[in-house]
Each structure stands twice: as C-alpha cells, then as structure tokens.
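Here's the structure we're looking at; comments come further down.
In the numbering used here, the protein residues as written are 2 to 111.
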C-alpha cells in the first residue's frame, strides 16, 4: 500500500516489498525531491511522486544505525559505557561540596 505520509527527515523506513531499510536525509519542497540514504550508505534522490508510490512503513532505527555513517567513533554516539559494578551503584552519594574528611570527623576543630 503506497504511503500517504510526507517524508520525515531522520526517520527510518522499510520497503515492504524489497525489504531494504533507509533513512530520509533531506526533503526539497521547492524541487519536489526526497534524498534517501540506504543502510549500506548508498544515497538516492527520488521525486515526491515516487515517494508516495512506495510501499514503505516507518520503523525504529536499526540496532546498528551507524551502518551508513562514515568513520563514526563510539564517543560520537552520545552515550558511553561504564565499568561500574552493582556494588558501585549501591554506594550512597556524598553530599556535594562537603569535604570527605569533615564527614569522618577529621580536620574539624572541637
């Protein structure tokens, strides 16, 4: 069934007949074109009439959505991995601004 929805930039779609996944990277309303980037990195430009004739559906980004991106570093993904253990997460938080020695009673005058 052809899609009636307008293309959404950064949205991932799956072609229902052919099975390939792609992301909309640009829409030129004046020129009537839609730029797509396939999961393998290939770029394609189609006219808006072809867009509406496609049998596609919006999908969540693929698990490894970095497939079409060039040389992306793990640090650039917007998250980082920590090596914390369950024990680390169980530690109570220190009050911000307090000196740890003051908490233990050291360094304070009596």
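For each residue, glycine too, the CB sits at the ideal point set by N, CA and C.
Residue span of the beta strand (DSSP E) that contains residue i, given as start and end
i	result
residue 47	44-48
residue 14	13-16
residue 29	22-29
residue 38	34-39
residue 57	57-60
Distance between residue j and residue i (C-alpha atoms, nearest Å)
i	j	result
residue 21	residue 33	23 angstroms
residue 61	residue 13	6 angstroms
residue 51	residue 64	28 angstroms
residue 48	residue 55	11 angstroms
residue 36	residue 45	6 angstroms
residue 23	residue 30	20 angstroms
residue 40	residue 6	21 angstroms
residue 38	residue 15	12 angstroms
residue 17	residue 57	5 angstroms
residue 19	residue 53	16 angstroms
Residue i vs residue j beta-carbon contact at 9 angstroms
i	j	result
residue 25	residue 4	no
residue 28	residue 8	yes
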